[in-house]
Each structure stands twice: as C-alpha cells, then as structure tokens.
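*Asks:*
In this note's numbering, the protein residues as written are 523 to 874.
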C-alpha cells in the first residue's frame with residue numbers, strides 16, 4: 523500500500539533475509555571479517571552469536587554469496603534434530619540421494635563426497651543456523667565432521683550460528699571437545715540511535731526512495747531506536763507500521779508522533795504510559811544484554827487504536843474494490859470447475 527505512495531520500487535522492511543538489504547554496523551563488519559578469516563585460514567570451526575532478530579541469517583547468506591563457486595557451501599537451517607537427520611540432510615545437500623543406509627554407512631558416503639570435493643579443489647563450508655536448538659548428540663556429530671582432514675588441511679569448515687544460549691552451551695563441560703575446536707567466535711550487538719537512523723535510510727535507499735528529504739525524521743529514528751532496543755527485526759516492524767499509518771494520514775514524512783501512535787497501537791506493555799521507560803539499545807560490550815520487543819497483544823488494548831483503524835479502513839476499501847472486480851470478472855467469464863486437494867502438513871518432529 524505504501525510502496526506507491528512513497529514512490530518505492532519494493533518493500534524496504536520485509537521479513538525475509540535478503541543480503542541486498544544487509545547493513546553492516548561496526549560489529550557486523552567485525553563479525554563478518556572474523557568468520558571470513560576463520561574460513562580462509564582453515565580453522566575448522568567458527569561461531570556467530572547474537573540475540574534473535576539481529577540479522578545473523580542475512581549476514582551468513584551474504585558470506586555464502588561472496589564465496590561463490592570457490593567453495594562448496596551448505597546452509598542447514600531446518601532438519602530432523604538427530605545425528606542421523608544431520609547426516610541425511612548433509613548428503614542431500616551434496617546431491618546424494620537417501621538410500622536408507624545406517625549411520626556408519628552415511629558417514630562413509632559423506633567422507634567419500636568430501637574427498638571428491640577436495641580433489642576438485644573445493645573445501646566444504648557448512649553453516650548450521652539456530653544451533654542452540656540442537657542437543658548434545660547432534661553437536662557431537664558436528665565435532666566429528668571436523669575430523670575430515672588431510673595431513674595438511676581441514677576438508678570441511680563448520681559455522682555455528684545461534685542465540686546467546688549457544689555460547690552457554692559451548693562452555694558446558696559436556697561438549698568441551700567441541701568448544702576447543704571453535705577458534706573464531708564472533709558476536710553481533712544491537713544498533714545504537716545513529717546506526718538505527720543509518721539502517722533505516724539504507725533500506726529505503728535500496729528500495730528506491732530518492733527524495734532529498736528523509737522519510738523518517740531524526741526524532742522518529744531516535745524513538746524507533748529506543749522502542750526497538752536496537753534489534754533490526756523490531757526496527758523493521760516499527761517502520762512498516764509507521765509507513766502504513768503515514769499513508770492513512772497522508773503524511774509525506776514520518777515524525778515522532780506517528781512512531782508514538784504505532785507504539786501505542788501495538789500495545790507494547792508498560793512503556794506505553796511512560797515512553798522514557800522504553801527499551802534503549804545497550805552499547806557494545808562483552809556481554810549480551812538486550813530485551814526483545816514484547817509481542818503485541820491481539821487485538822490491541824489500552825490504546826487509542828486510531829492508527830490501526832485508519833490503516834484497516836484503507837485496506838478494507840481496497841479489499842472491497844478487489845472483490846467487486848473479481849465478481850464482475852466471474853460474471854463476464856465464468857470459470858470451469860477445478861478440484862484441488864491440499865495435503866495436510868506433516869506433524870513436527872520432536873527435538874531430542
């Protein structure tokens with residue numbers, strides 16, 4: 523809805539990890555350089571630790587694109603969280619079909635595949651996302667994978683990516699052997715107020731915003747930084763809702779009053795009554811100190827709701843016009859009958 527109004531080419535605050543929109547803060551640059559160094563120096567294991575919503579996946583996608591065809595890259599983000607599931611998924615990503623082999627047989631097939639890639643002059647880089655969700659047996663298999671090596675170099679490099687719980691797991695005595703192999707441990711920190719403003723401008727510029735006048739005023743960016751805690755995913759949510767409300771109010775720029783209204787409409791807990799108590803981004807430090815944005819209640823309560831009502835009204839008008847167009851089209855061109863059977867999703871597999 524607001525793409526046309528603000529003359530954008532695409533959605534600037536999407537929910538999918540798009541490397542085109544990656545904004546590198548100093549800590550992002552440091553983390554990327556550290557992981558690149560670990561891979562190029564063939565260290566075997568690296569770890570990327572950050573609170574949820576900090577852009578870990580986007581950064582890793584960008585890294586994989588940078589390597590291109592020089593390395594065989596595998597991104598594991600969803601698989602059956604068992605040792606067998608890990609090996610089966612790795613073999614699948616390497617183009618090896620599942621033959622129902624035993625665990626030992628899958629290990630041998632993986633070993634042969636890694637050796638074949640080495641003969642082609644390629645090392646394998648495996649990114650394991652959300653690694654804090656995996657239990658000890660899965661992490662032990664990952665440790666064993668680092669043993670694939672020649673007398674001169676490692677044949678596989680593994681990047682563990684996860685939330686701060688992953689750091690706690692790595693320092694557990696139960697997996698000390700794995701921790702000893704992690705020679706690079708990078709971290710991402712929440713954005714401060716200046717970085718938040720630059721982040722917003724960066725994403726708008728990539729999306730095609732060309733006006734010499736900033737769409738979000740400095741005061742609005744300051745409030746977004748405070749309310750979001752400096753977490754990029756939260757910043758995206760604020761900006762998306764603020765621009766939607768800006769269209770409803772026919773505002774050429776987004777000021778602090780719109781941000782306050784969005785904050786109230788989303789009913790983000792106690793700071794509604796006192797914005798001074800809102801979450802503020804913490805400076806970079808050796809510890810992970812953050813508070814994620816509280817999930818909004820639905821439907822919103824304890825707020826004026828004017829912004830959401832106006833946005834909902836605009837969407838309703840558009841929906842009515844769309845439905846009218848569809849009905850008119852069906853009246854003029856009645857479609858043939860089409861029977862479609864939707865398969866029910868498979869039940870989730872419990873983690874170990």
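From the three backbone atoms N, C-alpha and C, an ideal C-beta is built for every residue, glycine too.
#1: Rounded to a whole number of angstroms, what is the C-alpha to C-alpha distance between residue 757 and residue 616?
#2: Return the chain-ordered ranges of every beta strand (DSSP E) run that is complete within the segment 685–742 and spans a minimum of 3 residues.
#3: Do you know whose CA, among 657, 735, 678 and 629, lies nearest residue 690's CA?
#4: Within this structure, are the beta carbons of residue 753 and residue 576 separated by less than 8 Å?
#5: Just to confirm, does residue 554 get its C-beta within under 7 Å of one of the non-hydrogen atoms of the ligand PLP?
#6: Compare the beta carbon distance of residue 595 and residue 647 with 8 Å and say whether it is the shorter of the two.
#7: Going by beta carbon distance, what residues of the same chain come within less than 6 Å of residue 606, once the five residues before and after it are set aside?
#8: Kindly indicate which residue of 746, 579, 586 and 771 has the alpha-carbon position closest to the one of residue 778.
#9: Just curious, the alpha helix (DSSP H) that residue 625 is in, first and last residue?
#10: Going by beta-carbon coordinates alone, are residue 729 and residue 552 separated by less than 8 Å?
#11: Under the rule that 16 or more other beta-carbon atoms within 10 Å means buried, what is residue 560, buried or exposed?
#12: Would a C-beta distance cut-off of 8 Å place residue 768 and residue 524 closer than the cut-off?
#13: If you reduce the DSSP assignment to three classes, tell me which class residue 656 lands in.
#14: Would you list the one or two residues that DSSP bridges to residue 595?
#15: Once the 5 residues before and after residue 755 are set aside, which same chain residues still bring their CB inside 7 Å of it?
#16: Given a threshold of 16 other Cβ atoms within 10 Å of its Cβ, counted over all protein chains shown, does residue 669 qualify as buried or as exposed?
#17: What are the start and end residues of the beta strand (DSSP E) that includes residue 766?
#18: When the Cα of residue 879 is compared with those of 674, 717 and 678, which residue comes out closest?
*Replies:* A quick look at the data gives this:
#1: 37 Å
#2: 704–709
#3: 657
#4: yes
#5: The ligand PLP is not among the ligands present in this structure, which contains no ligands whatsoever.
#6: yes
#7: 625
#8: 746
#9: 625–641
#10: no
#11: buried
#12: yes
#13: coil
#14: 647
#15: 575
#16: exposed
#17: From DSSP, residue 766 is part of no beta strand (DSSP E) but of the alpha helix (DSSP H) over 754–770.
#18: The structure shown has nothing for residue 879, since the chain only spans 523 to 874.
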